[in-house]
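This report concerns only the one structure given below.
Numbering (full-length UniProt numbering), first residue to last: 1 to 557.
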């Protein structure tokens, strides 16, 4: 059976009164409950009159059904089944006048009502249905008006908090004060952003959120926040009994930003309070989107300034130091530059934001005074020279891996680290070193590589040659036909040459690595010397061949 409170957006009555409260109205002072006492907490949201035989097709949940028994006068044997049918359709209760068409209710019907907790009410003869309808509906509407007025008043108060510049701390404090409960604002990843309420209750609430982290996922499509918060509510729960823990999602522009969670150890969160929590979630969405807009502007200014610093266009050292301090950065100390660059074939548009978030969180943990900013397809971080850059890169990679987008192929990034530099004046050189380390490291070790500029060896020297065409010419002149992959045999010979040079011309070891017969390898060596010259006797030629192979590997020529 569905919960007794439904969507406000439907335009229907969303709050009602219990059957027990209905029996307390003046027009029903002489009414008598004859069965189903355990169901007095059922909620009445509407009334209906049954005076036609096919009433079951028209009844709706949470109705108080009034009847004189006229449709049942000729079928008393079906009265026992009627209670079960009405209960299955979610009706609140059945009120009947006896004596005119039905003299008494069969015992089977009374037993069935007691077993199901379905209230059967005997109406006095002198009370008209119109009087009951008017009085009960008036009570229902008055209650709904009071609940809506309370929710609207709470909404105005919470909006005023935002207009006054308040954030999630102030919103949670406002809700905690209105409902006298512990309240937390939680982001989409399950991280608690703000709390309010009695400290011991907040502690229990935090633990509940930690245990139920998966509940922070966005609600399923087509389900409102109210339904999500209430979908486990027992249908027969009286209005006076509330829930202990309620969660309402914070959604703005179709994006799930987290949730508002309320906790009351006494189970004092009622259906009417959920409306206030929904208002709080709406206001929280406003706070979050406002902060995102501010963060986006600040991030752009930070990125623009750091880019100017790394390209030497930020002005004097004094100006750089002043603006850096305004951003909370310390660029006057010895620092190291790291560059994290999305590897090719990854979806940069979806991964770049995650990359920035991962590195920002890692920098905050390892060096709160460090600078970090996202550029078009990379993230650049400037940290103190004493920071453990290898551990920092591992932490950022772990955070990036732990937050993959749904239904997307894995995306990786390569990281490069510069030498230490003394200050802002040398940052452009350090940035160039880190960028080269990231790109050369990817060429040497594949996607996801982590490389330090000083660990590149000969590749560090080759990376400093800016004339790429000269390197290409050197490769063509040195390797001749082996410089390209146009011919499969040439590629195979180049592989043989590379292993020979790596083993310092150890023919036996080379044959073992390549799984060649010794005589086959001797034949290949002869062919290589006819193409390249007598490299087995010329150490200078061997050096040139080694460098040319390194250029091919590094440049991907």
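Here a beta-carbon is modelled for each residue, glycine too, at the ideal position from N, C-alpha and C.
Nothing here was measured: the structure is a model prediction, and the numbers come from that model.
Closest by CA to residue i, which one among the options?
i: residue 372; options: 380, 162, 397; result: 380
i: residue 211; options: 190, 184, 200; result: 190
i: residue 415; options: 23, 436, 423; result: 436
i: residue 128; options: 254, 97, 331; result: 97
i: residue 425; options: 310, 181, 34; result: 310
i: residue 46; options: 34, 33, 94; result: 94
i: residue 413; options: 445, 84, 382; result: 445
i: residue 472; options: 548, 489, 319, 524; result: 548
i: residue 183; options: 411, 295, 273, 486; result: 273
i: residue 330; options: 306, 121, 254; result: 306
i: residue 401; options: 389, 299, 32, 354; result: 354
i: residue 252; options: 485, 188, 296; result: 188
i: residue 123; options: 107, 102, 140; result: 102
i: residue 179; options: 255, 202, 105, 270; result: 270
i: residue 457; options: 440, 470, 468; result: 440
i: residue 545; options: 455, 501, 516, 519; result: 501
i: residue 275; options: 149, 526, 81; result: 149
i: residue 54; options: 70, 462, 43; result: 70
i: residue 181; options: 277, 299, 81, 423; result: 277
i: residue 477; options: 294, 378, 552; result: 552
What residues in its chain sit with their C-beta under 6 Å from that of residue i, if we drop five residues either side in the sequence?
i: residue 238; result: For residue 238, the predicted model reports a pLDDT of 41, less than 50, meaning its position is unreliable; a value from the coordinates is still stated below. Closer than 6 Å at the Cβ level, and outside the excluded window around residue 238, lie 18, 41.
i: residue 396; result: 358, 359, 362
i: residue 392; result: 362, 366
i: residue 450; result: 393, 415
i: residue 484; result: none
i: residue 176; result: 183, 196, 197
i: residue 442; result: 414, 449
i: residue 35; result: 110, 113, 114, 120
Determine the direct distance from the alpha carbon of residue j to that of residue i, and round the result to whole angstroms.
i: residue 418; j: residue 474; result: 28 Å
i: residue 68; j: residue 243; result: 38 Å
i: residue 65; j: residue 145; result: 23 Å
i: residue 335; j: residue 356; result: 20 Å
i: residue 109; j: residue 263; result: 41 Å
i: residue 615; j: residue 506; result: The chain is shown from 1 up to 557; residue 615 falls before or after that span and cannot be answered.
i: residue 537; j: residue 504; result: 12 Å
i: residue 531; j: residue 481; result: 8 Å
i: residue 351; j: residue 376; result: 11 Å
i: residue 421; j: residue 430; result: 7 Å
i: residue 207; j: residue 192; result: 11 Å
i: residue 125; j: residue 111; result: 24 Å
i: residue 236; j: residue 255; result: Reliability fails at residue 236, whose pLDDT of 38 lies under 50, so the model's placement of it is uncertain and the value that follows must be treated cautiously. For residue 236 and residue 255, the distance between alpha carbons rounds to 34 Å.
i: residue 510; j: residue 523; result: 13 Å
i: residue 490; j: residue 479; result: 10 Å
i: residue 99; j: residue 32; result: 15 Å
i: residue 297; j: residue 382; result: 20 Å
i: residue 265; j: residue 204; result: 9 Å
i: residue 386; j: residue 470; result: 39 Å
i: residue 24; j: residue 247; result: 34 Å
i: residue 20; j: residue 49; result: 19 Å
i: residue 319; j: residue 325; result: 10 Å
i: residue 132; j: residue 209; result: 46 Å
i: residue 388; j: residue 525; result: 47 Å
i: residue 130; j: residue 22; result: 15 Å
Can you round the beta-carbon distance between residue i and residue j to whole angstroms, since I take them to be within the 8 Å contact cut?
i: residue 63; j: residue 92; result: 6 Å
i: residue 157; j: residue 174; result: 6 Å
i: residue 493; j: residue 528; result: 6 Å
i: residue 399; j: residue 362; result: 6 Å
i: residue 343; j: residue 447; result: 4 Å
i: residue 308; j: residue 317; result: No, residue 308 and residue 317 are not in contact; Cβ-Cβ is about 13 Å, not under 8 Å.
i: residue 434; j: residue 338; result: 6 Å
i: residue 162; j: residue 113; result: Between residue 113 and residue 162 the Cβ distance is about 51 Å, and since that is not below 8 Å, they are no contact.
i: residue 171; j: residue 185; result: 7 Å
i: residue 550; j: residue 427; result: Their Cβ separation, rounded to whole angstroms, is 29 Å, which puts residue 550 and residue 427 out of contact at 8 Å.
Ordered along the chain, which non-local residues of its own chain (more than five positions away) have a Cβ less than 7 Å from that of residue i?
i: residue 38; result: 117
i: residue 302; result: 327, 373
i: residue 250; result: 257, 258, 259, 260, 281, 284, 285, 288
i: residue 279; result: 151, 154, 155, 158
Leaving out five residues on either side along the sequence, give the residues of the same chain with a beta carbon under 8 Å from the beta carbon of residue i.
i: residue 583; result: The requested residue 583 does not occur in the structure, where the chain is confined to residues 1 to 557.
i: residue 89; result: 56, 59, 60, 61
i: residue 86; result: 56, 59, 65, 94, 118
i: residue 534; result: 541
i: residue 518; result: 507, 508, 511
CB of residue i to nearest heavy atom of the ligand NAD: below 7 Å?
i: residue 160; result: With respect to the ligand NAD, the structure shown offers nothing to examine, as it has no ligands at all.
Would you say residue i faces chain D, with C-beta separation under 8 Å as the test?
i: residue 192; result: Of the protein chains in the structure, only one exists, and it is not chain D.
Pairing CB atoms from the region 280-292 with CB atoms from the region 163-173, are three or more of them under 8 Å?
-> yes
contact_flag[the region 130-137, the region 19-33] where n(CB pairs < 8 Å) is 3 or more = They touch, by the three-pair rule.
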